[in-house]
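Let me begin by presenting the structure, written as structure tokens, before commenting on it.
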Amino acid sequence: MQELSKQEIELLRILQENARFDITDLTERLNMSRTSVYDRIKKLENEGYIKDYVAIIDPKRVGLNFTVIINVSLNSQRLELVEEFSRQVAALDEVVEGYVTGGIFDYVLKVVVKDPESFNDFIRKLSDIPNISKVQSSFVMSYIKQSTKLHF
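In the UniProt record's numbering, the protein residues as written are 1 to 152.
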């Protein structure tokens, strides 16, 4: 991975705030031509700095009113069992974020569902996955901060 120029860093910062950019605004802010801006964006995509472009949906507007943070401990940390658990959890649509963690728990999952009944259905699916020793759920009452913006 090569070092990024100041213009590339600024371009990444701008795109984090709004990927639906106005090319004229970008050319002025970065002091670059249209072609150079598009070339830099393509370069940043090809090198993996920009992973994807998405619309951030308000879960409540689409009926998903119940967010739960779940901590999971496994019975065994044998590689094949951990990989299988990861694969099965990644396939669950309700899981919007998942992390392998060090410390007390092996995984932290963020689950977004319609309501407590839907969460109960999710827990049934989760409990069908082998090798789970403990599940601890924390129900989100309100959000303090949600962001996809990285500060670099």
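We treat Cβ as the ideally placed atom computed from N, Cα and C, and that holds for glycine. Only a predicted model underlies this, so the values are computations on that prediction, with no experimental measurement involved.
{"Asked": "Simplified DSSP state of M1, which is helix, strand or coil", "Found": "For M1, the predicted model reports a pLDDT of 48, less than 50, meaning its position is unreliable; a value from the coordinates is still stated below. Of the three classes helix, strand and coil, the one that applies to M1 here is coil, per DSSP."}
{"Asked": "Span of the beta strand (DSSP E) around residue 226", "Found": "An answer regarding residue 226 cannot be provided, because it is not within the stretch 1 to 152 covered by the chain."}
{"Asked": "Contact check, L126 vs L92, beta carbons under 9 Å", "Found": "yes"}
{"Asked": "N- and C-terminal bounds of the beta strand (DSSP E) containing Q136", "Found": "I132 to F139"}
{"Asked": "C-beta contact flag for E97 and V113 at 9 Å", "Found": "no"}
{"Asked": "7 Å Cβ shell around L12 - same chain, five flanking residues per side excluded", "Found": "L44 and Y49"}
{"Asked": "N-terminal and C-terminal residue of the alpha helix (DSSP H) that I104 is part of", "Found": "Element bounds for I104: n/a, residue is neither H nor E."}
{"Asked": "Three-way DSSP call (helix, strand, coil) for L92 in this model", "Found": "coil"}
{"Asked": "Beta-carbon proximity check, Q7 vs L150, cutoff 9 Å", "Found": "no"}
{"Asked": "Contact set for Q77: own chain, Cβ-Cβ below 6 Å, skip 5 residues either direction", "Found": "none"}
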